[in-house]
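Position 30 of the sequence shown, counted from 1, bears residue number 32 in our numbering, the numbering being contiguous throughout. See below for the structure under consideration.
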Amino acid sequence: MHIVFTLNGRAVTVEADPAERLVDVLRERFGLRRTTAGCYAGECGACVVLLDGEPVN
Ligand code: FES
Numbered sequence: 003m004h005i006v007f008t009l010n011g012r013a014v015t016v017e018a019d020p021a022e023r024l025v026d027v028l029r030e031r032f033g034l035r036r037t038t039a040g041c042y043a044g045e046c047g048a049c050v051v052l053l054d055g056e057p058v059n
């Protein structure tokens, strides 16, 4: 899947499998190692990012 989005104010593109987690794409493709994950189940909030200005796990 080809995805175009704005990351920290910069237009970026990425090829990603629909099953990939956003946190993994941010860490592995964009080197954002401070992006973290804890439970991988949507319960702890460690992976929260802003999507269109709204916090999402
Ligand atoms: S890793 Fe726990 S909510 Fe995302």
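Quick reminder that beta carbons are idealized off the backbone N, C-alpha and C, glycines included.
- When DSSP reads this structure, Arg-12 sits in a beta bridge with Leu-9.
- Distance check between Thr-8 and each of Val-58, Val-25, Asn-59 and Leu-53 places Leu-53 closest, using alpha-carbon atoms only.
- Distances between the C-beta of Ala-18 and the heavy atoms of ligand 1 are all 7 Å or more.
- Only buried fits Cys-49, as 16 or more other CB atoms lie within 10 angstroms of its CB.
- Within its own chain, the residues whose Cβ lies closer than 7 Å to the Cβ of Asn-59, once the five positions on either side in sequence are excluded, are Gly-44, Gly-47, Cys-49 and Val-50, listed in chain order.
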